[in-house]
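Student:
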Amino acid sequence: MSKGYAEAYQAWREDPQRFWGEAALAIAWFQDPAVAFDGAAGIYGRWFPDGITNACYNCLDRHVIAGRGDQPALIYDSPVTGVKQTFSYSEMLESVATFTAVLADKGVAAGDRVIIYMPMIPEAVVAMLACARIGAIHSVVFGGFAASELAARIDDSAARVVVSASCGLEPGRVVAYKPLLDAAIALARHKPETCIVLQRPQCAADLLPGRDFDFKTLIAETAAADRTADCVPVAATHPLYILYTSGTTGQPKGVVRDTGGYLVALAWSMRHLYDIRPGEVFWTASDIGWVVGHSYIVYGPLLNGSTTILYEGKPVGTPDAGAFWRVISEHKAVALFTAPTAFRAIRKEDPDGREIDRYDVATLRTLFLAGERADPDTLAWAEAKLGVPVVDHWWQTETGWAIAGNPVGLGMLPVKHGSPTVPMPGYDIHVLDDTGHVVGAGTLGNIAVRLPLPPGCLPTFWKADERFHAACLAEFPGYYRTADAGYVDADGYVFVMARTDDIINVAGHRLSTGAMEEVCASHPDVAECAVIGIADPVKGQIPAGFLVLNNGVSRESSGIEREVVALVRERIGPVAAFKTVICVKRLPKTRSGKILRGTMQKIADRQDWKMPATIDDPAVLDEIAAALLDRHIGA
Ligand code: COA
Ligand code: AMP
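Put into structure tokens, the structure is as follows:
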């Protein structure tokens with residue numbers, strides 16, 4: 310085991326206060342924290358409780374003051390519009406300080422919530438950092454969600470302002486955002502006072518007088534008046550953002566991220582996990598709507614004084630499977646971070662990796678993968694074709710940064726395919742059986758993290774302390790339940806195998822099958838339903854819905870199936886990739902009435918399965934298998 314990692318982990322174990330206190334020196338504070346951790350505060354303790362800082366100051370002002378003003382901070386590369394732009398740290402600071410003044414003019418103050426519903430454009434990053442600058446709490450909503458998902462987030466956060474754009478660009482399709490935003494506001498009980506809308510040339514949005522304002526006009530007026538706004542010092546425990554993520558019901562969970570601990574954890578990870586130095590180009594090919602985008606497109610690289618790439622495109626089709634290699638070679642990225650699904654998509658189009666040879670990717674040192682299990686096959690392909698180390702690491706929206714990874718900056722550990730390697734300092738990982746007892750090395754169980762969670766992890770859910778406790782802390786007292794199942798081997802390597810709840814991972818996007826079932830069940834002809842995740846060669850998993858229709862429904866079932874597909878797209882959004890649905894006579898159940906989703910999934914994936922002892926009527930499973938075969942669904 311690398312000495313660097315072993316020493317760092319040991320140093321943290323021996324004295325966590327000291328370890329994180331030293332890590333906090335990488336951050337600029339308006340008031341230094343006297344203690345790193347207060348175990349008596351909050352639900353399981355709070356990090357840097359008396360520290361005062363500002364995330365925007367750390368990401369921009371500090372670097373300009375230190376002489377990094379002319380260095381590129383953000384490279385916007387958009388194959389879908391053909392635009393490439395580079396913004397220096399000084400330019401980003403100017404835009405952000407101006408937009409902060411715009412927000413202040415609209416009444417936004419520290420603690421107010423601002424929803425950012427924007428595609429992958431520089432203005433989205435400007436809006437995030439402007440919120441951070443004024444102490445407002447941003448909540449970025451991914452563009453692929455439907456109006457009702459956006460409405461749920463507007464209501465839960467009670468946002469004062471929404472910052473949006475007229476449209477997003479999907480390959481071959483302009484997605485008009487404004488009608489979705491208007492529909493969301495109509496649905497929401499809470500009405501935001503102001504919407505600031507960036508008009509993109511591909512589609513003009515109608516603006517509602519009095520409520521809606523043109524982004525560029527507000528910026529131009531404020532800049533002409535030479536008005537900017539300064540950083541507002543906030544407590545380290547002040548929320549920087551809320552990021553909603555799928556829970557086990559249709560109601561998303563508002564993961565709260567506090568400011569100081571997050572900055573400290575990100576700064577530590579940029580150096581020790583990703584091994585990125587100031588001035589280097591770090592590219593995370595994700596979306597700012599996800600946690601990976603928050604941490605490693607926006608805050609991490611900028612905090613580190615590095616250059617980040619904002620890529621508005623896909624791994625394939627914009628225009629081809631060489632897109633990633635073009636971006637790396639043009640912008641001299643030293644590391645790429647993406648989801649395994651992107652590599653599966655590239656490999657499908659270009660199995661021999663011929664596109665790689667068309668570009669000079671010599672600057673690339675490491676490929677980082679996360680967001681879903683990295684299947685060993687994809688990992689081996691990436692290693693062989695790129696000739697650089699491929700680092701799988703495991704984390705969640707809740708944690709904000711890696712729970713387990715291979716710390717390149719501390720000296721890489723040997724790679725074991727299928728394992729995201731070892732716990733990062735701060736994470737005391739245990740595998741527990743269902744009664745909460747620690748199991749031995751190599752035994753599958755519930756992966757849990759002994760409390761307290763390290764800096765950067767969520768202190769709670771937005772205005773829902775009890776839900777946080779019930780969802781994350783109650784099942785295994787003294788631990789955070791990751792809801793992932795897996796094992797730790799004799800060398801201390803973590804293996805993450807599956808979720809223990811109804812969450813599925815579709816193209817690296819986290820989705821709740823329970824939420825999809827709620828939508829399916831709302832169709833008037835559906836009596837009951839089950840949604841499961843089935844294996845997909847590119848997306849990892851895709852949802853498949855099984856519907857049982859009400860007695861007496863005489864319509865063609867294919868029409869109902871189409872309507873249910875449309876309903877999920879309308880209520881949850883295209884990101885759900887809900888296209889597979891099948892009407893069946895009955896669902897397999899236990900004698901107590903529990904639907905046997907796990908067995909259905911095994912049948913669909915053509916895996917070995919055992920007849921559950923508690924099954925009510927074994928014949929139903931044969932019916933399901935026959936229906937899947939008939940429709941060519943499954944592996
Ligand atoms: N706005 C509007 N619609 C969006 C959207 C956005 N920001 N992002 C995706 N969608 C739509 C897509 O157009 C697609 O719609 P369709 O059903 O009409 O085709 C649907 O949502 C599903 O999108 P996606 O999951 O991106 O699938 P895809 O088939 O378009 O592309 C991949 C598949 C693998 C290429 C793509 O998912 C990808 O690049 N993934 C990278 C992984 C990633 O970013 N993970 C985040 C965590 S690291
Ligand atoms: P999200 O909150 O959207 O980032 O999704 C988090 C979930 O994705 C985790 O709980 C895991 O189930 C899964 N996940 C993320 N990274 C990995 C990984 N490296 N290996 C296995 N599963 C992962």
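Quick note on numbering: my numbering labels position 187 of the sequence shown as 496, and the sequence is numbered without any gaps.
C-beta atoms are modelled at their ideal positions from N, C-alpha and C, and glycine is treated no differently.
Because the structure is a prediction, the values reported are computed rather than measured.
#1: Alpha helix (DSSP H) containing Pro685: first to last residue?
#2: Under 8 Å Cβ to Cβ from Asp774, same chain only, skipping five residues before and after it: list those, please.
#3: Answer yes or no: do Ile933 and Ile912 have a C-beta to C-beta separation smaller than 7 Å?
#4: Which whole-angstrom value is the C-beta distance of Leu858 and Cys892, which I expect to be below 8 Å?
#5: Output the distance between the C-alpha atoms of Gly823 and Ser555, rounded to the nearest integer angstrom.
#6: Closer than 6 Å to a non-hydrogen atom of the ligand AMP - does that hold for the CB of Val805?
#7: Who are the near neighbours of Glu432 in its chain, counting only those whose CB is closer than 6 Å to its CB and skipping five residues on each side?
#8: Just the C-alpha distance for Asp811 and Ser821, rounded to the nearest angstrom, thanks.
#9: Might you give, ordered along the chain, the residues of its own chain that have their beta carbon closer than 8 Å to the beta carbon of Ala335, omitting 5 neighbours on each side?
#10: Span of the beta strand (DSSP E) holding Val747?
#11: Going by the beta-carbon positions, is the gap between Val890 and Glu865 smaller than 7 Å?
#12: Specify, as a first and last residue, the run of the alpha helix (DSSP H) that Ala989 falls within.
#13: I'd like to confirm something about Thr627: is its beta-carbon nearer than 6 Å to some heavy atom of the ligand COA, or not?
#14: Which residues mark the beginning and the end of the alpha helix (DSSP H) in which Ala314 is found?
#15: In whole angstroms, give me the CA-to-CA distance for Gly861 and Arg940.
#16: According to DSSP, is Ser972 part of a helix, a strand, or is it coil?
#17: Run through the segment 707-780 for me and flag every whole beta strand (DSSP E) of 3 or more residues, listed as ranges in chain order.
#18: Within the same chain, show all residues whose beta-carbon is closer than 6 Å to that of Thr616, passing over the 5 residues directly before and after it, in chain order.
#19: Give a single yes or no on whether Pro624 has its beta carbon closer than 6 Å to a heavy atom of the ligand COA.
#20: Specify whether the segment 421-429 and the segment 390-405 touch according to this definition: at least 3 beta carbon pairs, one from each stretch, less than 8 Å apart.
#21: So Asp386 and Tyr608 are supposed to be a Cβ contact under 8 Å. How far apart are they, rounded?
#22: At what residues does the beta strand (DSSP E) containing Gln394 begin and finish?
#23: Rounded to the nearest angstrom, what separates Leu369 and Trp338 at their Cα positions?
#24: Going by DSSP, which residues form a beta bridge with Pro698?
#25: Are the CB atoms of His818 and Val747 nearer to each other than 7 Å?
#26: Helix or strand or just coil, what does DSSP make of Ser473?
#27: When you compare only the Cα positions, how much space is there between Tyr605 and Glu784?
Tutor: Looking at the atomic coordinates:
#1: In the sequence shown, counting from the first residue as 1, residue 685 sits at position 376. Pro685 to Leu695 is the extent of the alpha helix (DSSP H) around Pro685.
#2: The count along the sequence shown starts at 1 and reaches residue 774 at position 465. Here the set comprises Ile352.
#3: The residue labelled residue 933 in the question sits at position 624 within the sequence shown. The residue labelled residue 912 in the question sits at position 603 within the sequence shown. Going by C-beta atoms, Ile933 is nearer than 7 Å to Ile912.
#4: Counting from one through the sequence shown, the residue named residue 858 turns up at place 549. Counting from one through the sequence shown, the residue named residue 892 turns up at place 583. In this structure Leu858 touches Cys892 by the C-beta definition: roughly 6 Å separates them, less than 8 Å.
#5: Locating residue 823 in the sequence shown gives position 514, counting from the first residue. Locating residue 555 in the sequence shown gives position 246, counting from the first residue. Distance between the alpha carbons of Gly823 and Ser555 is about 10 Å.
#6: Here the question's residue 805 lines up with position 496 in the sequence shown. For Val805, the CB falls within less than 6 Å of some heavy atom of the ligand AMP.
#7: Residue numbering aside, residue 432 sits at position 123 when the sequence shown is read from its first letter. Excluding positions up to five away in sequence, the list reads Leu507.
#8: Along the sequence shown, read from residue 1 onward, the residue named residue 811 stands at position 502. Along the sequence shown, read from residue 1 onward, the residue named residue 821 stands at position 512. Straight through space, the alpha carbons of Ser821 and Asp811 are spaced by roughly 6 Å.
#9: Working through the sequence shown from its first residue, we reach residue 335 at position 26. Cβ neighbours of Ala335 beyond the five flanking positions: Val573, Ala576, Trp577 and Arg580.
#10: Looking up residue 747 in the sequence shown gives position 438. Going by DSSP, Val747 is part of no beta strand (DSSP E) at all; its letter is neither H nor E.
#11: Position 581 of the sequence shown, counted from the start, is the residue given in the question as residue 890. Position 556 of the sequence shown, counted from the start, is the residue given in the question as residue 865. Taking the C-beta atoms as reference points, Glu865 is found no nearer than 7 Å to Val890.
#12: No answer is possible for residue 989: the residues shown for the chain start at 310 and end at 944.
#13: Along the sequence shown, read from residue 1 onward, the residue named residue 627 stands at position 318. Within 6 Å of the C-beta of Thr627 there is not a single heavy atom belonging to the ligand COA.
#14: Position 5 of the sequence shown, counted from the start, is the residue given in the question as residue 314. It is worth fixing the name first, because residue 314 is Tyr in this sequence and not Ala. Segment Lys312 to Glu323, the alpha helix (DSSP H) holding Tyr314.
#15: Your numbering for residue 861 matches position 552 in the sequence shown. Your numbering for residue 940 matches position 631 in the sequence shown. A straight-line Cα-Cα distance of about 24 Å links Gly861 and Arg940.
#16: Because the chain here runs from 310 to 944, residue 972 falls outside it and cannot be looked at.
#17: Contiguous beta strand (DSSP E) elements confined to the segment 707-780 occur at 738-741 and 754-759, taking only those with 3 or more residues.
#18: To locate residue 616, count along the sequence shown from 1; it is residue 307. Excluding positions up to five away in sequence, the list reads Pro381 and Val590.
#19: Mapped onto the sequence shown, residue 624 falls at position 315. Yes, Cβ of Pro624 sits closer than 6 Å to a heavy atom of the ligand COA.
#20: No, because fewer than three Cβ pairs between the segment 421-429 and the segment 390-405 fall closer than 8 Å, the two stretches do not touch.
#21: In the sequence shown, residue 386 corresponds to position 77, counting from 1. In the sequence shown, residue 608 corresponds to position 299, counting from 1. Contact doesn't hold; Cβ gap of about 20 Å is too wide.
#22: Mapped onto the sequence shown, residue 394 falls at position 85. Start and end: Val392 to Ser397.
#23: In the sequence shown, the residue the question calls residue 369 occupies position 60. In the sequence shown, the residue the question calls residue 338 occupies position 29. In this structure, the alpha-carbon of Leu369 lies about 14 Å from that of Trp338.
#24: In the sequence shown, residue 698 corresponds to position 389, counting from 1. Paired residues: none, contrary to the question.
#25: Here the question's residue 818 lines up with position 509 in the sequence shown. Here the question's residue 747 lines up with position 438 in the sequence shown. No, these two residues do not count as a Cβ contact at 7 Å.
#26: Along the sequence shown, read from residue 1 onward, the residue named residue 473 stands at position 164. Ser473: strand per DSSP, three-state reduction.
#27: As a working note, residue 605 is residue 296 in the sequence shown. As a working note, residue 784 is residue 475 in the sequence shown. Distance between the alpha carbons of Tyr605 and Glu784 is about 31 Å.
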